[in-house]
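In the numbering used here, the protein residues as written are 32 to 271.
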């Protein structure tokens with residue numbers, strides 16, 4: 032498949048087709064989305080309202096989150112669905128898979144922010160380019176991973192994995208007082224393809240989930256006496 036003419040941002044689709052993943056740095060995302068700084072700041076501030084994830088099989092209390100789902104019929108914009116549980120098969124999530132997990136819904140005000148709309152549109156263009164003519168079930172997750180001295184936080188406690196979808200978008204929102212949180216991308220045999228640290232508002236990775244696996248290393252506070260957190264948005268597209 033040749034890259035779609037005029038696809039924005041330039042290079043994204045080429046990287047997805049060639050490598051199975053792409054990284055878009057904050058400056059490139061800012062140019063692509065063209066959103067006011069206050070709009071971005073308001074979106075990032077919504078991470079302060081996340082609730083504890085009570086479904087951690089390891090007993091951890093280091094993860095906060097909210098969740099929403101959407102359906103995008105072929106050629107149409109995403110429409111939010113009724114709130115429902117998040118489910119992953121155990122083959123994709125060996126720690127927390129195999130059960131319905133009910134998380135607090137993403138707030139209407141957060142989804143009304145143009146940043147959410149723009150990220151859904153960007154991921155939707157990539158999904159449509161990789162798999163033309165499909166309708167999509169989309170899930171969006173707000174994550175905050177927290178760490179304290181002697182108690183690390185685990186962004187992907189299940190390890191390097193597939194999500195069992197067609198496309199994954201991971202956008203950094205904020206890193207505060209933390210060491211670690213390095214993203215690893217591998218092929219399906221576990222061979223490393225890339226290793227990088229998302230750092231800066233909307234530093235973004237987009238992955239063809241069938242072709243590559245991903246994971247993130249543990250985080251720990253840089254300064255022990257101060258709070259440590261890693262805020263990201265994750266959105267996934269699965270053909271229906």
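Cβ atoms here follow ideal geometry from the backbone N, Cα and C, with glycine treated the same way.
Closest by C-alpha distance to residue i, when choosing among the options
| i | options | result |
| --- | --- | --- |
| residue 230 | 254, 203, 271 | 203 |
| residue 260 | 237, 219, 267, 206 | 206 |
| residue 209 | 101, 145, 249, 40 | 249 |
| residue 148 | 132, 223, 224, 71 | 71 |
| residue 102 | 227, 220, 170 | 170 |
| residue 122 | 81, 193, 67 | 193 |
| residue 268 | 223, 234, 219, 150 | 150 |
| residue 111 | 120, 118, 143 | 143 |
| residue 271 | 221, 165, 225, 226 | 165 |
| residue 49 | 161, 133, 223, 117 | 161 |
| residue 84 | 59, 53, 132, 241 | 132 |
| residue 251 | 241, 88, 145, 211 | 211 |
| residue 118 | 235, 139, 172 | 172 |
| residue 146 | 55, 60, 159 | 60 |
Between the CA atoms of residue j and residue i - distance to the nearest angstrom
| i | j | result |
| --- | --- | --- |
| residue 256 | residue 182 | 12 Å |
| residue 64 | residue 185 | 30 Å |
| residue 179 | residue 93 | 9 Å |
| residue 188 | residue 176 | 11 Å |
| residue 266 | residue 243 | 16 Å |
| residue 107 | residue 253 | 45 Å |
| residue 237 | residue 95 | 22 Å |
| residue 40 | residue 57 | 12 Å |
| residue 247 | residue 190 | 8 Å |
| residue 78 | residue 141 | 9 Å |
| residue 258 | residue 113 | 35 Å |
| residue 200 | residue 80 | 22 Å |
| residue 33 | residue 197 | Interpretation of residue 33 is limited by its pLDDT of 41, a score under 50 that renders its predicted location unreliable; the figure taken from the coordinates is listed afterwards. Straight-line Cα distance between these residues: approximately 19 Å. |
| residue 86 | residue 245 | 21 Å |
| residue 195 | residue 69 | 35 Å |
| residue 163 | residue 105 | 9 Å |
| residue 53 | residue 130 | 31 Å |
| residue 152 | residue 82 | 26 Å |
| residue 234 | residue 174 | 15 Å |
| residue 55 | residue 45 | 12 Å |
Residue i - partner residues in DSSP beta bridges
| i | result |
| --- | --- |
| residue 167 | 103, 270 |
| residue 250 | 184, 211 |
| residue 193 | Bridge partners of residue 193: none, in fact. |
| residue 225 | 216 |
| residue 262 | 175, 205 |
| residue 244 | 217 |
| residue 235 | 55, 202 |
| residue 28 | Any question about residue 28 goes unanswered here, given that the chain covers just 32 to 271. |
Local Cβ density within 10 Å of residue i, reported as buried at 16 or more and exposed below that
| i | result |
| --- | --- |
| residue 232 | buried |
| residue 154 | buried |
| residue 263 | buried |
| residue 43 | buried |
| residue 62 | exposed |
| residue 67 | exposed |
| residue 167 | buried |
| residue 221 | exposed |
| residue 226 | exposed |
| residue 109 | buried |
Under 8 Å between C-beta atoms of residue i and residue j
| i | j | result |
| --- | --- | --- |
| residue 137 | residue 76 | no |
| residue 239 | residue 51 | yes |
| residue 228 | residue 214 | yes |
| residue 74 | residue 97 | no |
| residue 157 | residue 47 | yes |
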